[in-house]
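S.K.: Next up is a structure, given as C-alpha cells.
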Amino acid sequence: MPGQGTRYPGYIRWTGRLARCGELEIIEEGLNGRTTVFSDNLEPFRNGLDYAAQCVMSHFPLDVIIIMLGTNDTKCRYNVSASEIRYGMEEVVIRMKEFCRRKGESPQFLIISPPYIHIREDAEFDHSSEVKIRQPESYPFINGVCLGKAPIH
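At position 12 of the sequence shown the residue is numbered 70 (this note's numbering), and the sequence of numbers has no breaks.
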C-alpha cells in the first residue's frame, strides 16, 4: 500500500478485479518500487528492464502483456525527465517483444502508465513528479491519471 511497502489484498487490486470479469488468467508480477530501467541502491532488485525477459519466459506463452510501470521513475532521487521515463518503458517493451519474437509469438501489449499519485509531504515524490506524470505520450496507453482517485489499486 502506498507509503507502507505492502500490497493491497488480491480482491482489491485491479488485476484481481479484472480476473473476476471473465475466463481470464491474470498473472501478476507487481513489486513495490519497481522502475522501468533505473537501478537503486536503496531499493535493490527493482529494475524492470533487468527482469523483463525472465518475467515473460516464466509465464510464456501469453496473449496480452499489460505493463504498469513509470510511477516510481518519477521519484525525486532519480531526477529524470518524462522523455527518459518513456524511453525506459520502450526499452522494457522492446526486450519483451524480442523474446516473444524469438519464440514465434506476438502478444498484444497494453501500457498503463502511470497511475494517479497523491502527492503528500515527506514523500519520495514531489510536484515535479506530478508534472512528469501528466505529460502526454505519443504512443497508445491507458492514462492512469485520468482515472483519478478511483478505488482500484
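Glycine included, C-beta positions come from ideal geometry on N, C-alpha and C.
Everything numeric in this text was worked out from a predicted model, so none of it was measured.
1) Going by C-alpha to C-alpha distance, which of Val151, Ala140, Gly106 sits closest to Leu168?
2) Could you give the distance in angstroms between the alpha-carbon of Thr132 and the alpha-carbon of Glu148?
3) Taking only three categories from DSSP, how would you classify Ile143?
4) Quick check: the region 109 to 123 against the region 61 to 70, are at least 3 beta-carbon pairs closer than 8 Å?
5) Measure the C-alpha to C-alpha separation of Ile84 and Cys134 and round it to an integer number of angstroms.
6) Compare the Cα-Cα distances from Thr93 to each of Pro165, Glu163, Arg144 and report the closest residue.
7) In chain order, what residues of the same chain have a beta carbon less than 7 Å from the beta carbon of Arg104, not counting five sequence neighbours either side?
8) To the nearest angstrom, how far is the alpha carbon of Val138 from that of Met154?
9) For Thr64, collect the residues of the same chain with a Cβ closer than 6 Å to its Cβ; drop the 5 residues on either side in sequence, then sort them by chain order.
10) Any idea which residues DSSP pairs Ile125 with across the strands?
11) I need the straight-line Cα distance from Glu156 to Glu86, nearest angstrom please.
12) Express the C-alpha separation of Lys161 and Leu100 in angstroms, rounding to a whole number.
13) Pick out whichever of Gly146, Arg75, Leu107, Ile170 has its Cα sitting closest to the Cα of Ile125.
14) Rounding to the nearest angstrom, what Cα-Cα distance links Leu127 and Gln166 in this structure?
15) Once DSSP output is grouped into helix, strand and coil, what is the label at Asn105?
16) Could you tell me the distance, in whole angstroms, from the CA atom of Leu107 to the CA atom of Gly80?
M.R.: Reading off the structure:
1) Val151
2) 16 Å
3) helix
4) no
5) 32 Å
6) Arg144
7) Excluding residues up to 5 positions away in sequence, Leu89, Gly91, Arg92, Thr93, Asp98 lie with their Cβ nearer than 7 Å to the Cβ of Arg104 in the same chain.
8) 23 Å
9) none
10) Beta-bridge analysis with DSSP links Ile125 to Ile169.
11) 21 Å
12) Their Cα atoms are separated by approximately 36 Å.
13) Ile170
14) Taking the straight line from one Cα to the other gives about 17 Å.
15) strand
16) 30 Å
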